[in-house]
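All remarks here apply to the structure that follows.
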Amino acid sequence: MRLHTLLLLSVCVWFAGFAHAEENSQSREFQLKTAYLFHFAELAQWPTTKPVTICLQGRSLLRAYLPVLEGQQINGNAVHVNLADAPDITQCSILFLSDLAGLTPVLAEQARQHHVLLVGDVENFANHGGMVQFTLRDNRLKLVVNLAAVKSADLKLSSKLLRMAEIIE
């Protein structure tokens, strides 16, 4: 599994070598987010075992990078990527939201009922009911985890992931 992850990260870094300096910085950010989403899938536990589907809702540059995860293996199951404009949340294991407006009370309740990990990269995402938020601090990608929201969806995150994150309740 570790070799597989290193290969995935190597491919991401290789793609970054072709971008210009400013684009390269943004490109690396979204490549890292893509790699993190894969690690979330590895390090999260859902109440039932099923293949992992990573969905994207909204307009995000992540759309260009997520297809690299299609077909990757986690515990013998292939990862699927759903880039539909309005993905069916019941088919998602992880739903990445590109804006705070998408994080409605109805969507948060659906995520809770269907055990979907809600991830976003907008300011205050975790404070408004999102589960994992990417944030840039000191030019580094950091994680903020809303542990209460994660637990209410009957999800468990590995201590490896939680050690890297700022935890809010």
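5 is the number of the first residue of the sequence shown in the numbering used here; add one for each residue after it.
Backbone N, C-alpha and C fix where the C-beta goes; we use that ideal spot for every residue, glycine too.
Taken through DSSP and simplified to helix, strand or coil, Phe129 comes out as coil. Of the candidates Phe44, Arg67, Glu33, Gly62, Phe44 places its Cα closest to the Cα of Val56. Inside the region 25-104, DSSP marks whole alpha helix (DSSP H) runs of 4 or more residues at positions 25-47, from first to last along the chain. Between Val110 and the set His132, Asn128, Phe42, the nearest pair of CA atoms involves His132.
Its chain contains Met135, Leu161 as the residues whose beta carbon lies nearer than 7 Å to that of Val154, once the 5 sequence neighbours on both sides are disregarded; these appear in chain order. Gly75 and Ala152 have their alpha carbons spaced roughly 31 Å apart. Residue Leu47 holds the alpha-carbon nearest to the alpha-carbon of Lys164 among Leu47, Glu127, Leu87.
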